[in-house]
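This report concerns only the one structure given below.
Chains as they are written, first to last, in the numbering used here: chain C, 520 to 633; chain V, 29 to 140.
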């Protein structure tokens, strides 16, 4: 099993450009998550998907959209990138739909917006 | 403010010593806690978890202690090795949903 994979690993954008971050998991997990990690701060939840076909906002959803394409894939889209979106983005998944499950993280995408 | 925080941002220990990383939380409704390890350039990796009906849980070289009275969580690493050098995060889950709240992290440096 590859676990949770993310593409691309690095990306540089200009302000106003758009892009989609891809995430896939091969563990047959129900729930998937997108986080951002900024220096000196803990991981902050952007969006999550409890199950295929559902998505919900997390703590910092502004400027982002998501798509749960199928059970395996959960993408994060920046429609008009801003320098404040410079961050490291992590995708994660959990087996269950509810409650207390271990989250498995991908390796991250390092995004710089100029 | 953040409901999960860490007492020390950095911790430096000698190889072979035991390490203790602390974490405070403020939400008494939290019933599940996790410790993650994050090495430079990588995603967080699960270390150990504990539910609120437990005070202690042990893994391989790691022990998590939960003190609900003072809302304190600690991670103990026995015989710390250079490979343990990383940032350690605690996180809490309030049980009724599947969202985690993460602390800022403690950087553990192991000196040979």
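The C-beta atom is built at its ideal place from N, Cα and C for all residues, glycine as well. Since this is a predicted model, take the numbers as computed values, not measurements.
Under 9 angstroms from the C-beta of residue i: neighbouring residues of chain V
| i | result |
| --- | --- |
| residue 621(C) | 62, 74, 77 |
| residue 643(C) | There is simply no residue 643(C) to check, as chain C begins at 520 and stops at 633 in what is shown. |
| residue 609(C) | 71, 72 |
Same chain, Cβ closer than 8 angstroms to residue i, neighbours up to 5 away in sequence not counted
| i | result |
| --- | --- |
| residue 77(V) | 60, 61, 62, 63, 85, 92 |
| residue 596(C) | 537, 538, 539, 540, 583, 584, 585, 586 |
| residue 579(C) | 555, 563, 564, 565 |
| residue 637(C) | Any question about residue 637(C) goes unanswered here, given that chain C covers just 520 to 633. |
Within chain C, partners of residue i - CB distance below 7 angstroms
| i | result |
| --- | --- |
| residue 70(V) | 626 |
CA nearest to the CA of residue i, picked from the options
| i | options | result |
| --- | --- | --- |
| residue 541(C) | 566(C), 559(C), 620(C), 593(C) | 593(C) |
| residue 561(C) | 83(V), 128(V), 138(V) | 128(V) |
| residue 608(C) | 627(C), 595(C), 601(C) | 627(C) |
| residue 44(V) | 114(V), 110(V), 115(V) | 110(V) |
| residue 133(V) | 578(C), 558(C), 550(C) | 558(C) |
| residue 599(C) | 633(C), 588(C), 568(C) | 633(C) |
| residue 549(C) | 615(C), 629(C), 622(C) | 615(C) |
| residue 87(V) | 103(V), 95(V), 99(V), 80(V) | 103(V) |
| residue 79(V) | 96(V), 135(V), 70(V) | 96(V) |
| residue 606(C) | 532(C), 622(C), 591(C), 545(C) | 532(C) |
| residue 81(V) | 67(V), 94(V), 69(V), 71(V) | 94(V) |
| residue 524(C) | 70(V), 101(V), 140(V) | 70(V) |
| residue 581(C) | 588(C), 624(C), 572(C), 604(C) | 604(C) |
Where residue i meets chain C, residues with beta-carbon distance less than 8 angstroms
| i | result |
| --- | --- |
| residue 132(V) | 559, 560, 561 |
Whole-angstrom distance between residue j and residue i, CA atom to CA atom
| i | j | result |
| --- | --- | --- |
| residue 73(V) | residue 115(V) | 10 angstroms |
| residue 42(V) | residue 138(V) | 6 angstroms |
| residue 50(V) | residue 120(V) | 14 angstroms |
| residue 552(C) | residue 108(V) | 32 angstroms |
| residue 520(C) | residue 98(V) | 40 angstroms |
| residue 75(V) | residue 66(V) | 10 angstroms |
| residue 517(C) | residue 590(C) | Nothing can be reported for residue 517(C): it is not among the residues displayed for chain C, which extend from 520 to 633. |
| residue 58(V) | residue 630(C) | 32 angstroms |
| residue 135(V) | residue 38(V) | 5 angstroms |
| residue 526(C) | residue 620(C) | 24 angstroms |
| residue 625(C) | residue 100(V) | 28 angstroms |
Contacting residues, own chain, Cβ-Cβ under 7 angstroms from residue i (five flanking each side not counted)
| i | result |
| --- | --- |
| residue 155(V) | This structure cannot settle anything about residue 155(V), because the visible part of chain V is limited to 29 through 140. |
| residue 534(C) | 600, 601, 602, 632, 633 |
Sequence-distant residues of its chain with Cβ nearer than 6 angstroms to residue i (five each side left out)
| i | result |
| --- | --- |
| residue 622(C) | 611, 613 |
| residue 545(C) | 520, 521 |
- Query: Using a beta-carbon distance cut-off of less than 9 angstroms, what residues from the segment 554-571 of chain C approach chain V?
  - Reply: 554, 556, 559, 560, 561, 562, 563, 564, 567, 569
- Message: Can you pull out the residues from the segment 97-118 of chain V whose beta carbon lies closer than 8 angstroms to at least one beta carbon of chain C?
- Response: 117
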